[in-house]
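Heads up: the structure comes next, in structure tokens.
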Amino acid sequence: MEKSNLSSILNGLGGLGFFLLWVVMILDGTFAAVWNAATTGEFADGRPLQTRYTWIFPIDFAISILMAFFDPLTNLVHMAPYMIFFELIGSIHVFYILAMVESRRAAKDSWLRVPALWQTIYNCIGVAVGLPFFTRCYVEQDSSINTGRLPEADAQALPFTTVWSWLLLPLMMLPAWTSLETTHAQIIVATWFLTPLFIPGFQRLASDAAARMSYKGIAKPVTVTYILSGVISAALRVGLVISIIASADPDVSFRRVYIPNFAAVQPRRADTIVEGAHLFIQLDYMLTIILVLIHGIYMSGEPIIGHANRTKKSPWALTLVTLVFGPGAGMSYAAYLKESRVESVGARSKQH
Numbered sequence: 015m016e017k018s019n020l021s022s023i024l025n026g027l028g029g030l031g032f033f034l035l036w037v038v039m040i041l042d043g044t045f046a047a048v049w050n051a052a053t054t055g056e057f058a059d060g061r062p063l064q065t066r067y068t069w070i071f072p073i074d075f076a077i078s079i080l081m082a083f084f085d086p087l088t089n090l091v092h093m094a095p096y097m098i099f100f101e102l103i104g105s106i107h108v109f110y111i112l113a114m115v116e117s118r119r120a121a122k123d124s125w126l127r128v129p130a131l132w133q134t135i136y137n138c139i140g141v142a143v144g145l146p147f148f149t150r151c152y153v154e155q156d157s158s159i160n161t162g163r164l165p166e167a168d169a170q171a172l173p174f175t176t177v178w179s180w181l182l183l184p185l186m187m188l189p190a191w192t193s194l195e196t197t198h199a200q201i202i203v204a205t206w207f208l209t210p211l212f213i214p215g216f217q218r219l220a221s222d223a224a225a226r227m228s229y230k231g232i233a234k235p236v237t238v239t240y241i242l243s244g245v246i247s248a249a250l251r252v253g254l255v256i257s258i259i260a261s262a263d264p265d266v267s268f269r270r271v272y273i274p275n276f277a278a279v280q281p282r283r284a285d286t287i288v289e290g291a292h293l294f295i296q297l298d299y300m301l302t303i304i305l306v307l308i309h310g311i312y313m314s315g316e317p318i319i320g321h322a323n324r325t326k327k328s329p330w331a332l333t334l335v336t337l338v339f340g341p342g343a344g345m346s347y348a349a350y351l352k353e354s355r356v357e358s359v360g361a362r363s364k365q366h
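Put into structure tokens, the structure is as follows:
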């Protein structure tokens, strides 16, 4: 497919993502309920919403909007929304690492140079809105840029950054399991939105340390990074599937967790936000699968200078991995196929 045609398709998917996530949320009353909770400091069911974080009103109000949306997904009152959200957040952490890797290769005038931008979009606007434009930026670059070797120190730091990234996941998903008061749990969850600072910052520190020590302890660090991310993301997916199968809770079923139900969202009810947020995440998840397949098929099949063949893996293998083990594992698998070829070329060049 021509790059211009693929870019047009990605633009259309980005617009579709914005409509299905944000326009639908406005039309079904979810956004009005979120706005009301953020302005009053209270949900429709009477639970409190923390509205003071920095004592700077514009920042606090923006965080309050986010927390009014995300708190019902993470407070364990409804398990089905929590489960699909958990899986999507796990996939987002894979996309963080992808953004980090490609930022070190990207041309100086490319938006790919700013991983924090993409991480913020995924966190606050939706993967289905951000990933099409990330992929478009990637596709529009020459393959010789996309498949270049990373600086050694950056590459060696990536496995450690990956571990750090996954260690931040509990900030979002675990506070509800504790005995913390609602508002205190919300403050901890809110810190997760600082991941666009935490993750690139850690990568910079780890890279500087690797450079100072001339650390070369990992033979193929980028490949290892994606194996690690893929295994963790797949394990998360398998664990959730097993939990759904084993659950006796009538609210937990594959249909309830994954299949969008527009009729479940009714305005001006106590469950408007949780049902609307659940629908938002379901639509985001479904579109993310499509986008992972598009990005993954393109990325894994790129020609690499010094490598005789493109990947011999069929797109059907990527499709199977994505559908069975989730979009995070699918993206990791595609990136692994690419990086294993890139690093094999690098290993041969060192031998000469």
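Just so you know, we're using my numbering here: the sequence shown kicks off at 15 and counts up by one. Note that the Cβ used here is the ideal one computed from N, Cα and C, for glycine as well. Just so you know, these numbers come straight off a predicted model, no measurement behind them.
Query                                                                                                             : Result
Spatial neighbours of TRP178 in its chain, beta-carbon cut-off 6 Å, leaving aside the 5 residues before and after : PHE216
Residues bridged to GLU56 (per DSSP)                                                                              : PRO62
The segment 157-174 / the segment 119-126 touching (three or more Cβ pairs under 8 Å)                             : yes
Given 8 Å, three or more beta-carbon pairs between the segment 35-50 and the segment 253-273                      : no
Residue range of the unbroken alpha helix (DSSP H) whose run includes ASN275                                      : First-last for ASN275: undefined, no H or E at that position.
Presumed contact (8 Å Cβ cut-off) between VAL236 and VAL115, rounded CB distance                                  : 6 Å
Assumed close pair VAL266, ALA94 - CB separation to whole angstroms, cut-off 8 Å                                  : 6 Å
Buried or exposed (CB count within 10 angstroms, at least 16 for buried), MET186                                  : buried
Close beta carbons around ASP59, own chain, < 6 Å, minus the five adjacent residues each side                     : ALA284
Inter-residue spacing [alpha-carbon to alpha-carbon] between VAL359 and ALA52                                     : 53 Å
C-alpha distance - PHE339 paired with VAL252, whole-angstrom precision                                            : 7 Å
Contacting residues, own chain, Cβ-Cβ under 6 Å from LEU27 (five flanking each side not counted)                  : PRO146
contact_flag[the segment 332-348, the segment 237-248] where n(CB pairs < 8 Å) is 3 or more                       : yes
Neighbourhood of HIS366 by C-beta, 8 Å cutoff - its chain only, sequence neighbours within 5 removed              : Note that HIS366 scores a pLDDT of 48, beneath 50, so its modelled location is shaky and nothing firm can be said.
Within the segment 58-117, ranges of the alpha helix (DSSP H) (whole runs, at least 4 residues)                   : 71-88 and 93-117
Pair within 8 Å by beta-carbon distance, ILE273 and TYR110                                                        : no
Terminal residues of the alpha helix (DSSP H) in which ARG226 lies                                                : 209-227
Three-state secondary structure (DSSP) of THR161                                                                  : coil
Backbone secondary structure at ALA331 - three-state DSSP                                                         : helix
Alpha carbon of GLU101 to alpha carbon of PRO165, nearest angstrom                                                : 32 Å
Proximal residues to GLU56 (C-beta, below 8 Å), its chain only, five neighbours per side dropped                  : PRO62 and LEU63
Exposed unless 16 or more other CB atoms sit within 10 angstroms - verdict on ARG226                              : exposed
Delimiting residues of the alpha helix (DSSP H) encompassing LYS17                                                : 17-32
Beta-carbon proximity list for ASN19, same chain, < 6 Å, skipping 5 on both sides                                 : none
Whole-angstrom C-beta distance between ALA190 and THR88, which should lie under 8 Å                               : 5 Å
Sequence-distant residues of its chain with Cβ nearer than 6 Å to GLY140 (five each side left out)                : LEU35 and ASP298
Cα-Cα separation between GLY342 and LEU194, rounded to whole angstroms                                            : 30 Å
For PRO86 and HIS92, the rounded distance between their alpha carbons                                             : 8 Å
ILE232 versus PHE84 - alpha carbon distance                                                                       : 38 Å
Three-state class that DSSP yields for GLN370 in the structure shown                                              : With the chain covering 15 to 366 only, the question about residue 370 has no answer from this structure.
Environment of THR68 [buried if 16+ CB atoms lie within 10 Å]                                                     : exposed
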